[in-house]
Amino acid sequence: MRIWVSRPEPGASRTARRLAELGHAALVAPVLRIAPGDGPPPTGRFDGLILTSANAAAPLAAAGLPEAPVFAVGTRTAERAERAGLRSVHCADGDAVSLARLVAAHVRPGGTLLHAAGEDRKAEPAASLTAAGYRVTTWTAYAALAEATLPEPVVQGLMGGDGAPPLAAALHFSRRSAEIAVHLSGKAGLSGAFRALAHYCLSPDVALGLVELGVAAHFVAARPSEEALLAGLAASD
């Protein structure tokens, strides 16, 4: 299949390589781009550092904070943290519940935690950890900025006007990027062509973002990981 990868870089290119290994053709056209956060990193010592996105790993490593254990939401985030030079990286099972549980297993209630996150973020796991007695500081380490228009390669792919096989599917890695893809396709007058794609979603929350906008989810990964998402392609063959 020819598959649209709308996630931001550098993850988009990595996903494209995985798709090629599986025999698919990837159309890399992100609808989000990663930019630095506005505020400076916090000062002081923390008992634990929380990463809910791989995009926050490099800014956190560059912040020069005193060394503390790092709690990453999933495998890819943990790998990015280690590549950025962060040490003592612990990996959760891919969701906020398991991440909060992991923190609680290593840091006592009352401890100070830094959540390095994006500008657009969910309340968890910070809300649960705060309720459990932890002192959580959230730092906006990066921002994910939406593109103003549908990328031209996607326009051509949905219209079948680029001489390549038509787009057959789209991979959605976040609820926000999925919702932006819906809105930009509508803005371009290509809602019908977009809805006709097979939509593969990283999690139920991502799928809900599509469904609430009238787009059916073709596949929802059993676990919020790239491997589980790509496994859906084989299951659909």
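Counting from 1, position 127 in the sequence shown corresponds to residue 131 in our numbering; the numbering is continuous, with no gaps.
Glycine residues also receive a C-beta, built at the ideal position from the N, C-alpha and C atoms.
Model, not experiment: these values are computed from the prediction.
{"query": "Return yes when the Cβ of T142 is within less than 8 Å of the Cβ of A121, no when it is not.", "result": "yes"}
{"query": "Does the segment 162–181 come within contact of the segment 202–213, defined as at least 3 CB pairs closer than 8 Å?", "result": "yes"}
{"query": "Roughly how many angstroms separate the alpha carbons of V9 and A150, rounded to a whole number?", "result": "15 Å"}
{"query": "Just grab the DSSP bridge partners of L53 for me.", "result": "V74 and L118"}
{"query": "With a threshold of 7 Å on Cβ separation, who are the neighbours of L106 within its own chain once the five nearest residues in sequence on each side are excluded?", "result": "F75, H94 and A96"}
{"query": "Look at L103 and D51 and say whether their C-beta atoms are less than 8 Å apart.", "result": "no"}
{"query": "Grouping DSSP H, G and I as helix and E and B as strand, with all else coil, what is R9?", "result": "It is worth fixing the name first, because residue 9 is Val in this sequence and not Arg. Three-state DSSP puts V9 in a strand."}
{"query": "Just checking, does the segment 179–197 make contact with the segment 144–163 on the three C-beta pairs under 8 Å criterion?", "result": "yes"}
{"query": "Please look up how many angstroms separate the CB atoms of A232 and A226, rounded, as I've assumed it's under 8 Å.", "result": "5 Å"}
{"query": "Could you work out which residue in A82, G218, A39 and A72 is closest to G196 when comparing CA atoms only?", "result": "G218"}
{"query": "Tell me whether the segment 58–72 and the segment 156–166 touch, counting them as touching only if at least three CB pairs, one residue from each stretch, are closer than 8 Å.", "result": "no"}
{"query": "Any chance you could list the beta strand (DSSP E) runs of at least 3 consecutive residues sitting entirely within the segment 181–209, in chain order?", "result": "202–205"}
{"query": "Measure the beta-carbon distance from S229 to G78 and round it to whole angstroms, keeping in mind my assumption that it falls under 8 Å.", "result": "6 Å"}
{"query": "Just the C-alpha distance for L64 and G165, rounded to the nearest angstrom, thanks.", "result": "43 Å"}
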